[in-house]
Amino acid sequence: MLDVVAAEVAAQVALRREPLVDLVVAESLGGESLHAQVEPDGDAEGDENGATHPPPRGTSAQIHRRRRHARPSIIAKDWRKPASPLISCDPVRERSRPGNRTTALPARTAARLVVVLFALASAKSVGEEKTPDKDKASALAALKEVKIDVHSFKVVESYSGPVTYYKLVEDPDGDFIRGVYRPPLETVTLAAEVPEALRQQTKRVRWKWRAQVFPKKGNECAPGYGDSAAVVYISWKRGLKWYSIKYVWSTEAKKGDVCDQKRNLFVVQDTVVLESGGPSNVWKEESIDPSAEFRAHFEGDVPDFVGIGIMSDGDQTRSISAADYAGFTLLH
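Following my numbering, the numbering of the sequence shown begins with 15 at its first residue and continues without gaps.
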């Protein structure tokens, strides 16, 4: 399946024995080049004679980020090919420790040492009590990180249309996935698996996302307007039953609202408005405790945490929506 950025006019072609796909020119909404341009200092651009011009405006300017001294490389990717290794692991290196040597102490000396150490510990606890925030920070610092490679995300066939609208962008600051939905395409969801060893061991999930274009009047809590600039799914599975929390970056829904709850024999899902409204083109970092989130929304023991999904859509409002996704990390 050929995957490129869609322009306003698309032609359908057949590739070998694959179904018809939209083959379009890789260009921006306004017909501008997709390559990033060098951004001068200040809010205005200057020409060779020193004259200044106002910065570009419009949807095209919202979608395409500008970089100084470097140009991101945009890659057309077949999201339906078998995945390469799902994750890249950054192990935490332990400091080398010298060998411990112990010698027997006289009983009287040992007793005195115990008294001194107890007194010091008591004085420290009185002078500086640990706070919950300090305990939490210490616990997080002790966790190991496992990064999920953005190249490992693949199309979830059962929840997706035939034409993908995502692409990989190789950027000096880190690769990311860009989703640009254009009506009347069917929505497409990408997902990456959680390694089996971490399905009961993950203490925290982190990612960052950047809304580029908000769907018109998108509101996940209003029937008929349930489109999002960005969605991140956190999913668990027990037997044949799937549990998901759908974290959305909404256009108009109130931040913190929980809505669009689904309950049936095979699917249990809540939608959580994690972000709402602008500014666009600004990275925001998110961090959740998956087990605590599961217990807050669903009943029973926490099942295996099996996957992370992403989606940008605008099919209900029939409008463009776009966002970038990166930095998916599991802490255990």
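All residues carry an ideal CB built from backbone N, CA and C; glycine is no exception.
Check: Measuring alpha carbon to alpha carbon, tell me which of E289, W256, L182 ends up nearest R277.; Outcome: W256
Check: Using CA atoms only, rank isn't needed, just tell me which of T216, C235, S305, F167 is closest to T285.; Outcome: C235
Check: Between the C-alpha atoms of D163 and T201, what's the straight-line distance to the nearest angstrom?; Outcome: 23 angstroms
Check: Note down, in chain order, each residue of its chain lying with its Cβ closer than 6 angstroms to the Cβ of I302, except the 5 sequence neighbours on either side.; Outcome: V219
Check: Between the Cα of A340 and the Cα atoms of A244, G270, K217, Y179, which residue gives the shortest distance?; Outcome: A244
Check: Where DSSP assigns a beta bridge to I334, which residues make up the other side?; Outcome: None; I334 has no bridge partner.
Check: Unbroken beta strand (DSSP E) runs of length 3 or more, entirely within the region 176-235: which are they?; Outcome: 180-184, 190-195, 204-207, 218-227
Check: Of all the options G270, P229, I248, which has the alpha carbon lying nearest to the alpha carbon of Y239?; Outcome: P229
Check: By the DSSP assignment, the beta strand (DSSP E) with S290 in it spans what residues?; Outcome: 281-290
Check: Could you check what DSSP says for E300 in three-state terms: helix, strand or coil?; Outcome: strand
Check: According to the Cβ coordinates, are V320 and S305 closer than 8 angstroms?; Outcome: no
Check: Run the CB neighbour count on A267, radius 10 Å, all protein chains shown included, and call it buried at 16 or more, exposed below.; Outcome: buried
Check: Could you pull the start and end residues of the beta strand (DSSP E) that F319 belongs to?; Outcome: 318-325
Check: On the DSSP bridge list, what partners appear for R252?; Outcome: K255
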